[in-house]
Amino acid sequence: MEYLFDTANIGAIKKYGEFIPITGVTSNPSIVKKEGKIDFFAHMREIRSIIGLDKTLHIQVTAQDYEGMMKDAEAILKNVDDQVYIKVPVTLEGLKVIRKLHGRGVNTTATAIYTKMQGFLAMEAGADYIAPYYNRMENMGIDAKDVVGSFAKMIRDYGYSTKILAASFKNMGQVNEAFMAGAQTATMGIDIIEGAFSMPSIQQAVDDFTEDWKSVFGDQLIMD
Ligand code: E4P
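First residue of the sequence shown? That's 77 in the numbering used here, and the numbers climb one at a time after it.
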């Protein structure tokens, strides 16, 4: 299993990167919007300098047409680095972009996936990652687990090298379900991580251990 941060917040990436064993960082224009009017490329370079080249950095195009998305991709590769995974929404134009970038040896992440058809075609177009929108699918009454499971089956049956980068989560239960359905990777907002560890029982258990230790040894620690 691989976990990624779904954020462009430098402070959060630094802080939570100390605790969570992530393999990369994803963002999209809506996530970037939360950072205000940043110097986009400088900001992305800073994220890269924090996570290093051994982790994956996924940056989304903003244009919607083939020519525009190709220009966005070229600008990202030039101004950030050539290891970036170019995130491309799976529209008709997007599929053409994924195929073209793949042919040039550029890393791609197919995103905005709500249907099996989008995922299957993106795999065939050569996407390195496909990002099904788990919570958004559930909100629409689509069986997200079944969609992710179908992607996992096709990858196994046909030997695609594509990985499932499950995205769009509202809680850790959905993340776990996506992994159980066969996703190899999942990208989570910081709110998901904070929510997962804010369970009162966890802190209560740790407090109980501390109290029991202190009742015998006082403030003396194991290494004292
Ligand atoms: C990945 O980066 C996706 O764009 C993202 O997870 C979508 O999340 P949302 O559905 O919360 O907007």
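In this text, a Cβ means the ideal position worked out from N, Cα and C, and glycines have one as well. Fair warning: this is a prediction, and the values are worked out from it, not measured in the lab.
Check: Opposite Q136 in the DSSP bridges: which residues?
Finding: Q136 is bridged to K163.
Next item on the list: May I ask you to check if the CB of S237 is nearer than 7 Å to at least one heavy atom of ligand 2?
Entry: In the structure on display, ligand 2 does not appear, and the ligands it does have are ligand 1.
Notebook entry, point to check: By the 10 Å Cβ neighbour count, where 16 or more other Cβ atoms means buried, how is T83 classified, buried or exposed?
Noted result: Buried, since its Cβ has 16 or more Cβ neighbours within 10 Å.
Note to self: Please return the same chain residues whose Cβ sits closer than 6 Å to the Cβ of M199, not counting the five positions on each side in sequence.
What the structure shows: Scanning its chain for C-beta atoms nearer than 6 Å, with the 5 sequence neighbours on each side dropped, one finds around M199 the residues Y236, T238, in chain order.
Check: Which whole-angstrom value is the C-beta distance of D141 and E169, which I expect to be below 8 Å?
Finding: Their Cβ separation, rounded to whole angstroms, is 6 Å, which keeps D141 and E169 in contact under 8 Å.
Next item on the list: Go to L168, then tell me how far its alpha helix (DSSP H) extends in each direction, as first and last residue.
Entry: Note, L168: alpha helix (DSSP H), 168 to 179.
Notebook entry, point to check: So is the beta-carbon of Y92 under 7 Å away from any non-hydrogen atom of ligand 1?
Noted result: Not one heavy atom of ligand 1 falls within 7 Å of the beta-carbon of Y92.
Check: Is P208 closer than 8 Å to F196 when the C-beta atoms are compared?
Finding: No.
Item checked: Whether I268 touches A88 by CB criterion (8 Å) -> The Cβ atoms of I268 and A88 lie no closer than 8 Å to each other.
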